[in-house]
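Let me begin by presenting the structure, written as structure tokens, before commenting on it.
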Ligand code: DAK
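Residue numbers (the numbering used here): 581 to 840.
The structure is reproduced here in structure tokens:
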């Protein structure tokens, strides 16, 4: 499948996926979501990719939401299909074996904010703006915003954004825990790459199991979560990376991980 609305670039074990519809502020239409599904499916299977960055093309937007001109024409059954496709894309991103960093370089509204929420880590540029403006359009968020936002920032902050449809600055998003850091727009991608490089240098098996432990553990009570973590900890001891990591420490040298 060739992609018209997204670009993928792989360097040094890091895949950077750029949504490329700058004229529509990178809004997500059906084709873009289908292309993403295909692209992230490929990335998930690629054992040489150890971290992923998602960003938007241009200087103005990360993703300004689901494509309103596309949605405006939908019949109810089509709208249901569109919402299901969006959910599938968010689910695939959230469950990629590799950590995913959102480089939020501008408007992250509606489906764009929801896509950032499906990522593991969010860094934002100073000009980024966040919001769930769906109520302005007479709908509620359709790609998981009512579920992931309160889990990340708490019910009160999530409800304020969801009910009011207002936009907040990157600084405010950072204050409520929606993003980890706010950066000069010129430095955003470099900072995301540095973070991704740090992740790539670690034991890939351990990093992947960390992601599983956090995502699945959050759905459990603490005792079950800790027991699950102990199981995954045990699984590490079946990997060459564990052997190498501990051996390298004892031999006072840098580890050479193989991701197995
Ligand atoms: N969709 C389509 N086109 C968009 C767009 C969007 N979300 N956002 C911007 N554009 C287009 C504009 O129409 C304009 O196109 P032209 O007129 O040049 O052809 C171009 O991008 C530049 O935008 P502006 O001229 O408006 O630029 P400004 O700087 O003045 O304003 C803005 C930037 C981001 C504040 C403004 O464009 C804006 O408010 N955009 C809409 C943001 C928004 O409401 N996003 C949330 C979309 S709703 C569901 C499934 C999914 C969803 C819900 C339910 N089910 C099926 C149940 C999800 C919904 C959403 O994401």
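Heads up, the beta-carbon is just placed ideally off N, CA and C, and yes, glycines get one too.
Is it buried or exposed, residue i, if we count other Cβ atoms within 10 angstroms and call 16 or more buried?
i, result
"residue 753", "buried"
"residue 586", "buried"
"residue 814", "exposed"
"residue 748", "buried"
"residue 619", "buried"
"residue 648", "exposed"
"residue 701", "buried"
"residue 657", "exposed"
"residue 830", "exposed"
"residue 615", "buried"
"residue 834", "exposed"
"residue 803", "exposed"
"residue 818", "exposed"
Please report the residue range of the beta strand (DSSP E) in which residue i lies.
i, result
"residue 762", "761-763"
"residue 588", "586-591"
"residue 637", "Residue 637 -> no beta strand (DSSP E), and no H or E assigned at all."
"residue 688", "687-689"
"residue 595", "594-599"
"residue 709", "709-711"
"residue 889", "This structure does not reach residue 889, given that the chain is present from 581 up to 840, and the question cannot be answered."
"residue 684", "680-684"
"residue 743", "Counting along the chain, residue 743 falls outside any beta strand (DSSP E), though it belongs to the alpha helix (DSSP H) covering 735-744."
"residue 652", "Segment 648-652 is the alpha helix (DSSP H) holding residue 652; no beta strand (DSSP E) there."
"residue 703", "701-705"
"residue 641", "641-643"
From which residue to which residue does the alpha helix (DSSP H) around residue i run?
i, result
"residue 799", "Residue 799 -> no alpha helix (DSSP H), and no H or E assigned at all."
"residue 819", "First-last for residue 819: undefined, no H or E at that position."
"residue 657", "656-674"
"residue 582", "First-last for residue 582: undefined, no H or E at that position."
"residue 607", "Run containing residue 607: none; DSSP gives neither H nor E here."
"residue 769", "768-780"
Nearest-angstrom Cα distance between residue i and residue j?
i, j, result
"residue 773", "residue 594", "8 Å"
"residue 599", "residue 779", "23 Å"
"residue 684", "residue 789", "26 Å"
"residue 678", "residue 629", "7 Å"
"residue 801", "residue 808", "11 Å"
"residue 795", "residue 697", "13 Å"
"residue 798", "residue 596", "27 Å"
"residue 621", "residue 706", "31 Å"
"residue 783", "residue 836", "9 Å"
"residue 728", "residue 709", "18 Å"
"residue 756", "residue 787", "26 Å"
"residue 827", "residue 589", "34 Å"
"residue 811", "residue 675", "19 Å"
"residue 652", "residue 744", "21 Å"
"residue 731", "residue 692", "17 Å"
"residue 735", "residue 758", "13 Å"
"residue 717", "residue 761", "30 Å"
"residue 822", "residue 832", "15 Å"
"residue 668", "residue 767", "31 Å"
"residue 739", "residue 733", "10 Å"
Report all residues from its chain with a CB closer than 7 Å to the CB of residue i; omit the five preceding and five following residues, and keep chain order.
i, result
"residue 844", "This structure does not reach residue 844, given that the chain is present from 581 up to 840, and the question cannot be answered."
"residue 605", "640, 641, 644 and 687"
"residue 650", "609 and 610"
"residue 746", "711"
"residue 670", "694, 695, 698, 723 and 724"
"residue 726", "720 and 742"
"residue 771", "703 and 763"
"residue 654", "662"
What residues in its chain sit with their C-beta under 6 Å from that of residue i, if we drop five residues either side in the sequence?
i, result
"residue 838", "820"
"residue 602", "637 and 638"
"residue 714", "690, 720 and 721"
"residue 665", "613"
"residue 825", "783 and 835"
"residue 581", "618"
Using a Cβ-Cβ distance under 9 Å, would residue i count as near chain C?
i, result
"residue 763", "This model lacks chain C altogether; it includes just one protein chain."
Once you ignore the five residues that flank residue i on each side, which residues in its own chain have a CB closer than 8 Å to its CB?
i, result
"residue 592", "777 and 780"
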